[in-house]
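Student:
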Amino acid sequence: MSALAWIVVGGLLMSAIALSGSVTLLLSDATLQRVLRPLVAFAAGSLIGGALFHMIPAALIGASPVGVMGWVAIGFAIFFAL
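Oh and the sequence shown: position 13 is 569 in this note's numbering, straight run, nothing missing.
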């Protein structure tokens, strides 16, 4: 497959994944209320995890690894407590 075909297929797949949340519009109110909290928790955890794991390499460039990993552990403990 050519590079353009891979780009188009990848773009279509990413769009389909992004639009998968619109399925919640088709759910009944009772079902939506039942699954809303887990979906919000999953979304928040995904965003926090993605941001954290993308920032660890940048933090390791200018500081000691022991200090960075200590702050990461403290952050995990605080989020777990929340």
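We treat Cβ as the ideally placed atom computed from N, Cα and C, and that holds for glycine.
So, under 8 Å CB-CB, L616 and V624 are touching, yes? Tell me the CB distance rounded to an integer number of Å.
Tutor: With 8 Å as the limit, L616 and V624 qualify as a contact, their Cβ atoms being about 6 Å apart.
Student: Does DSSP put A619 in a helix, in a strand, or in coil?
Tutor: Here A619 sits in coil by DSSP.
Student: Is it true that the CB of T580 sits closer than 8 Å to the CB of L588?
Tutor: Yes.
Student: At the level of alpha carbons, what is the spacing between A614 and F636?
Tutor: Cα-Cα distance, rounded: 24 Å.
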